[in-house]
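Trainee:
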Amino acid sequence: MNVNGKVSKSIVRFRRQVEIFRKEVHHDMHILQMLTFLEVVNNDKHTVNGKYIEKLLSIGQTSASRHCRRLLQKEKGGFFGLCVFTYGPKDALSKYLELTDEGKRLAVALRPLFLEKTIY
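According to this note's numbering, numbering within the sequence shown proceeds without interruption in unit steps and concludes at 143.
#1: Buried or exposed for Q84, going by 16 or more other Cβ atoms inside 10 Å?
#2: Within 10 angstroms of its Cβ, does F37 collect 16 or more other Cβ (buried), or is it exposed?
#3: Of all the options V35, R128 and D51, which has the alpha carbon lying nearest to the alpha carbon of H90?
#4: Quick one: any contact between the region 95-102 and the region 61-76, if contact means 3 or more CB pairs under 8 Å?
#5: Taking only the alpha-carbon atoms, compute the straight-line gap between T109 and S86 and give it to the nearest angstrom.
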């Protein structure tokens, strides 16, 4: 809130982005899972994994891994089906998140929302 007690435009915009994100994906999607998804969308391949999210969001390793796993397909132990794990080219032990076709579709659908200048 600003000094006049009104919610700032940026907070309104952020809240709208979260609401639309949840409408497009799932109403219970955690905000850290949204941020993880956006990191996958906006970074190069073989960048985003549990360690990356742990450091970026200053959360524990267990929480970071859980948020990454939730983005996977159901048959892979996930929930949302937006990403798959792929192995790094130099390290066969490191798993990185990569978008599925559904994840790519969502990224395209959400892009205008995050490019808007003014939302009321």
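Glycine residues also receive a C-beta, built at the ideal position from the N, C-alpha and C atoms.
Owing to the predicted nature of the structure, the values given are computational and were not obtained by experimental measurement.
Mentor: Taking the coordinates as given:
#1: exposed
#2: exposed
#3: D51
#4: no
#5: 20 Å
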